[in-house]
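In this text, residue positions in the sequence shown follow this note's numbering: the first is 61, and each later residue adds one.
Cβ atoms here follow ideal geometry from the backbone N, Cα and C, with glycine treated the same way.
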Amino acid sequence: MDMDIKTRIVLFFSIVFFVSCGDSNDPIPDPIIPPGSTEVTLNRIQLSNYSESTDHAIESIWNLSFKNLETSESEFLVVEPNQIPLNEKIILPNGKYEYSYESSNQPEFSNFLPVKIKGEFEAKGEQMNLDLTGIGLSELIRISSNFSITAPQIVSPIEQTFYASEDFFRVYTKSNKFLKIKVDNPGSYDYLTLFQNASNSGYFRLFWPESDYFFDGSIRLANDGFPLTLPLTPIANLDNSQDETSGLAQFDGRLFAINDGDNPNRIYELDPSSGEVLRSILVSNASNRDWESLAQSETHLFIGDFGNNQGARKDLTIYKIPWQEILNQETVAAEKINFSYPNQNDFSPGETHRFDCEAFLFSEGKLHLFTKNRESEDTDHHVLPAEPGDYNTELVETLQVDMLVTGATIHPTNGKVILLGYKLPLQGFVTLWDGMQTGLLGENFRRIQIDEFPMGLTEGIVFTPDGNSWISSERVSLANVVELQPQLSIIGLEGIF
61 MDMDIKTRIV LFFSIVFFVS CGDSNDPIPD PIIPPGSTEV TLNRIQLSNY
111 SESTDHAIES IWNLSFKNLE TSESEFLVVE PNQIPLNEKI ILPNGKYEYS
161 YESSNQPEFS NFLPVKIKGE FEAKGEQMNL DLTGIGLSEL IRISSNFSIT
211 APQIVSPIEQ TFYASEDFFR VYTKSNKFLK IKVDNPGSYD YLTLFQNASN
261 SGYFRLFWPE SDYFFDGSIR LANDGFPLTL PLTPIANLDN SQDETSGLAQ
311 FDGRLFAIND GDNPNRIYEL DPSSGEVLRS ILVSNASNRD WESLAQSETH
361 LFIGDFGNNQ GARKDLTIYK IPWQEILNQE TVAAEKINFS YPNQNDFSPG
411 ETHRFDCEAF LFSEGKLHLF TKNRESEDTD HHVLPAEPGD YNTELVETLQ
461 VDMLVTGATI HPTNGKVILL GYKLPLQGFV TLWDGMQTGL LGENFRRIQI
511 DEFPMGLTEG IVFTPDGNSW ISSERVSLAN VVELQPQLSI IGLEGIF
């Protein structure tokens with residue numbers, strides 16, 4: 061072989077050998093652990109105020125501090141917390157340590173979870189694994205759906221768009237505001253309105269199309285996008301004076317409530333944002349035999365003293381009070397509307413009668429009463445004048461609502477009507493009508509299941525100024541095992557009703 065060729069071949073293989081020996085892809089050898097030191101491998105992050113199954117987005121980089129509790133010396137490790145498992149390593153002299161990190165950026169709303177990480181451990185042995193513990197510093201609101209939607213929007217009291225993740229939309233918040241949220245509707249309705257107290261985490265799950273009233277806290281939409289189920293959102297627990305809250309009314313955004321039988325003959329003004337009792341108004345010439353509902357016109361508030369569980373009452377009364385007195389006085393006097401049911405002939409006590417009433421409303425100069433019929437779970441619609449006097453009601457229709465009716469409200473401008481009620485074992489429902497036709501509701505209504513028993517016994521309902529509905533529920537105690545506080549809640553109807 062030519063000498064020049066031999067030289068070139070040797071040179072070629074020498075270069076290949078040199079390059080291969082210096083290949084940067086070779087694995088980096090494990091660091092040497094000095095005597096008296098421990099290699100600490102970070103494994104996972106455990107946040108005490110969130111379940112381990114919750115998928116979080118966290119800041120991309122942490123500068124985690126390790127402080128030796130004996131020498132007070134600190135070392136730092138750059139951590140990528142969104143990596144699972146973490147697999148970050150640090151070699152520390154043996155001893156007791158405190159690790160810590162707190163997010164410096166803690167916005168009111170964000171697409172990541174600010175955290176405070178803190179804990180102690182003892183470094184000993186050659187190697188050890190360490191789980192980091194801490195808390196999330198924001199609440200998490202999530203919305204998922206089995207259909208395509210654009211990013212939901214917080215529309216009040218501020219504006220904020222949700223952030224997209226792989227399977228849902230989310231936003232982290234440090235706010236204590238009560239949020240109104242707008243979500244796409246897949247059917248023929250404009251949108252869905254949801255509420256969430258930002259001081260608590262929440263998860264809304266939407267399913268469409270559905271046909272069953274199966275309540276598990278999710279929102280199930282019929283083929284046209286109308287909700288079959290829609291959870292109530294608690295605003296606040298009510299004061300003990302509202303343990304038996306039974307009726308609601310509102311005037312220019314001011315919220316009023318009453319309690320049912322054998323409670324004080326008082327009307328209470330409540331703060332609609334907190335449930336706090338702001339005022340108490342005495343109705344001087346009234347007794348509270350069984351106050352069950354409030355109705356209202358533009359000029360007057362009506363109190364229905366017509367609770368009649370056993371069907372034996374012959375003193376059914378509605379009290380009529382001018383709004384201007386209620387808004388400005390601590391003591392008021394009422395006019396009385398006394399009435400009876402002309403189709404009632406038997407007053408012997410029992411529960412299979414059709415003459416108990418817990419719901420009424422005012423429309424076109426008349427009062428419309430809706431009975432609570434325990435045996436048939438329908439409701440009789442009675443009408444009587446809204447002026448003081450003694451009357452027999454007029455039975456105008458029977459509605460197949462399939463629930464025990466406990467409340468009623470009518471929108472002051474568009475005339476839409478809602479009846480509130482429940483089915484045993486305490487499944488809450490609302491039935492919705494577009495309005496009355498010649499004084500009748502008719503059988504053309506929609507129905508939404510709003511809760512199961514844990515929300516309590518819902519009795520009061522009234523439209524909010526923006527077209528949603530406040531709902532109150534009374535205290536429930538069962539055999540000293542279950543104790544549910546009286547509560548003020550809200551249900552979102554904007555966009556669908």
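message: Short of 7 Å in beta carbon distance, which residues of its chain neighbour A309, apart from the five on each side in sequence? Order them along the chain.
response: As a working mapping, residue 309 is identified with position 249 in the sequence shown. Contacts found: F316, L354, Q356, L361, V522.
message: What residue range does the alpha helix (DSSP H) around Q389 cover?
response: For the purposes of this step, residue 389 is taken as the residue at position 329 of the sequence shown. Per DSSP, Q389 belongs to no alpha helix (DSSP H) and is neither H nor E.
Identity of the residue in S134, G321, F169, L124 nearest K156 by Cα: The residue labelled residue 156 in the question sits at position 96 within the sequence shown. Of the listed residues, the one whose Cα sits closest to K156 is S134.
- prompt: Under 8 Å, do I508 and L290 count as touching if we go by C-beta distance?
  reply: As a working note, residue 508 is residue 448 in the sequence shown. As a working note, residue 290 is residue 230 in the sequence shown. In contact: I508 and L290 (Cβ atoms closer than 8 Å).
query: Quick one: Cα of M463 to Cα of P485, how far?
result: Walking along the sequence shown from the start, residue 463 turns up at place 403. Walking along the sequence shown from the start, residue 485 turns up at place 425. When rounded, the distance between both Cα atoms is 11 Å.
field: Of the residues V337, Q389, S537, the one placed nearest S344, counting alpha carbons only
entry: As a working note, residue 344 is residue 284 in the sequence shown. Nearest C-alpha to S344: Q389.
message: On the DSSP letters alone, give me the boundaries of the beta strand (DSSP E) that W268 sits inside.
response: One-based indexing of the sequence shown puts residue 268 at position 208. Taken as a continuous stretch (DSSP letters only), W268 belongs to no beta strand (DSSP E), as it is neither H nor E.
message: Just to check my reading of the structure: T453 and P382 have Cβ atoms closer than 8 Å, yes? What is that Cβ distance to the nearest angstrom?
response: Numbered from its first residue, the sequence shown carries residue 453 at position 393. Numbered from its first residue, the sequence shown carries residue 382 at position 322. Actually they do not touch by this definition, with Cβ atoms about 24 Å apart.
task: For T466, count neighbouring C-beta atoms within 10 Å of its own C-beta (all shown protein chains included) and say buried if the count is 16 or more, exposed if not.
output: Within the sequence shown, the letter at position 406 stands for residue 466. T466 is buried by the Cβ-count criterion.
query: What's the C-alpha gap between A282 and G481?
result: Here residue 282 is taken as the residue at index 222 of the sequence shown, counted from 1. Here residue 481 is taken as the residue at index 421 of the sequence shown, counted from 1. Cα to Cα, A282 sits roughly 21 Å from G481.
According to DSSP, residues forming a beta bridge with T98: Position 38 of the sequence shown, counting from 1, holds the residue named residue 98. BP columns for T98 point to L152.
- request: Starting from H428, follow the beta strand (DSSP E) in both directions and report where the run begins and ends.
  value: As a first step, residue 428 must be located in the sequence shown, where it is residue number 368. Residues 426 to 431.
query: Just the Cα atoms here: how many angstroms apart are S532 and E519?
result: Stepping through the sequence shown from its first residue, residue 532 is reached at position 472. Stepping through the sequence shown from its first residue, residue 519 is reached at position 459. About 6 Å.
task: Please go through the same chain and pick out, in chain order, the residues whose beta-carbon is closer than 6 Å to the beta-carbon of F222, but skip the five residues on each side of it.
output: Translated into positions along the sequence shown, residue 222 becomes position 162. If we look at F222 and ignore the five residues flanking it on each side, its Cβ neighbours are A211, P212, F229, V231.
field: Identity of the residues DSSP links to K374 by a beta bridge
entry: Working through the sequence shown from its first residue, we reach residue 374 at position 314. None, per the DSSP bridge assignment.
task: Could you pull out every residue in the same chain whose Cβ sits closer than 6 Å to the Cβ of P546, ignoring the five residues on either side in sequence?
output: Counting from 1 along the sequence shown, the entry for residue 546 is found at position 486. For P546, where only same-chain residues beyond five positions count, the Cβ hits under 6 Å are L298, Q302, D303, T305, E534, R535.
task: Report yes or no: do three or more beta-carbon pairs, one from the segment 318 to 326 and one from the segment 536 to 544, lie closer than 8 Å?
output: no
message: Counting C-beta neighbours from all protein chains within 10 Å, is the total for A446 16 or more, i.e. buried, or is it exposed?
response: As a first step, residue 446 is located in the sequence shown; it is residue number 386 there, counting from the start. Buried, because 16 or more other Cβ atoms sit within 10 Å of the Cβ of A446.
query: Is it right to say G367 is buried, meaning 16 or more other beta carbons lie within 10 angstroms of its own, or is it exposed?
result: Here residue 367 refers to the residue found at position 307 of the sequence shown. Per the 10 Å Cβ criterion, buried.
message: Give me the residue from P95, T131, M188, L129 with the minimum Cα distance to T101.
response: Counting from 1 along the sequence shown, the entry for residue 101 is found at position 41. Answer by Cα proximity: M188.
- prompt: Which class does N528 belong to by DSSP, given the choice of helix, strand or coil?
  reply: Here residue 528 is taken as the residue at index 468 of the sequence shown, counted from 1. Coil.
- request: Please name the residue in P95, P269, T524, P472 whose C-alpha comes closest to that of P287.
  value: Translated into the one-based positions of the sequence shown, residue 287 becomes position 227. Closest by alpha carbon: P269.
query: Helix, strand or coil for Q404 per DSSP?
result: Locating residue 404 in the sequence shown gives position 344, counting from the first residue. In the structure shown, Q404 sits in coil (DSSP, three-state: anything other than H, G, I, E or B).
task: Label Q256 either buried or exposed according to how many other C-beta atoms from any shown protein chain fall within 10 Å of its C-beta, with 16 as the threshold for buried.
output: Numbered from its first residue, the sequence shown carries residue 256 at position 196. Q256 is buried by the Cβ-count criterion.
- prompt: Along the chain, where does the beta strand (DSSP E) that runs through P294 open and close?
  reply: Within the sequence shown, the letter at position 234 stands for residue 294. Element bounds for P294: 293 to 297.
- prompt: Do you know whose CA, among P95, G555, G488, L107, lies nearest Y273's CA?
  reply: Taking the sequence shown and counting its residues from 1, one reaches residue 273 at position 213. Checked all of P95, G555, G488, L107; the closest Cα to Y273 is G488.
- prompt: Considering only residues of the same chain and omitting the five flanking positions on each side of F505, which have a CB-CB separation below 7 Å?
  reply: Looking up residue 505 in the sequence shown gives position 445. Here the set comprises T491, L492, W493.
field: Cβ pair F407, F420 closer than 8 Å
entry: The count along the sequence shown starts at 1 and reaches residue 407 at position 347. The count along the sequence shown starts at 1 and reaches residue 420 at position 360. For F407 and F420, no; Cβs fall outside 8 Å.
query: Mind checking whether P145 and I118 have CB atoms under 8 Å apart?
result: Locating residue 145 in the sequence shown gives position 85, counting from the first residue. Locating residue 118 in the sequence shown gives position 58, counting from the first residue. Not closer than 8 Å, so no.
- prompt: Cβ of I209 within 8 Å of Cβ of G194?
  reply: For this step, residue 209 is matched to residue 149 along the sequence shown. For this step, residue 194 is matched to residue 134 along the sequence shown. No.
query: Taking the alpha carbon of L427 as the point to measure from, which residue in G499, E437, N433 has its own alpha carbon closest?
result: Here residue 427 corresponds to residue number 367 of the sequence shown, with the count starting at 1. L427 has its Cα closest to that of G499, out of G499, E437, N433.
query: Just checking my contact of I150 with F126 at CB under 8 Å: how many whole Å lie between their CB atoms?
result: Residue mapping note: residue 150 aligns to position 90 of the sequence shown, counting from 1. Residue mapping note: residue 126 aligns to position 66 of the sequence shown, counting from 1. Contact holds; Cβ gap of about 7 Å.
task: Determine the closest residue to G185 out of E226, N245, T412, S97, with distance taken between C-alpha atoms.
output: Position 125 of the sequence shown holds residue 185. Checking every option, the nearest Cα to that of G185 belongs to S97.
query: Near S205, which residues of its chain fall below 7 Å by C-beta distance, leaving aside the five closest residues on each side in sequence?
result: The residue you call residue 205 lines up with position 145 of the sequence shown. Correct list, in chain order: L266.
- request: Starting from H441, follow the beta strand (DSSP E) in both directions and report where the run begins and ends.
  value: Here residue 441 refers to the residue found at position 381 when the sequence shown is read from its first residue. Looking at the DSSP string, the run of the beta strand (DSSP E) that includes H441 is 439 to 445.
field: Straight-line Cα distance separating Y251 from T377
entry: Taking the sequence shown and counting its residues from 1, the one referred to as residue 377 is at position 317. Taking the sequence shown and counting its residues from 1, the one referred to as residue 251 is at position 191. Spanning the two alpha carbons is a distance of roughly 42 Å.
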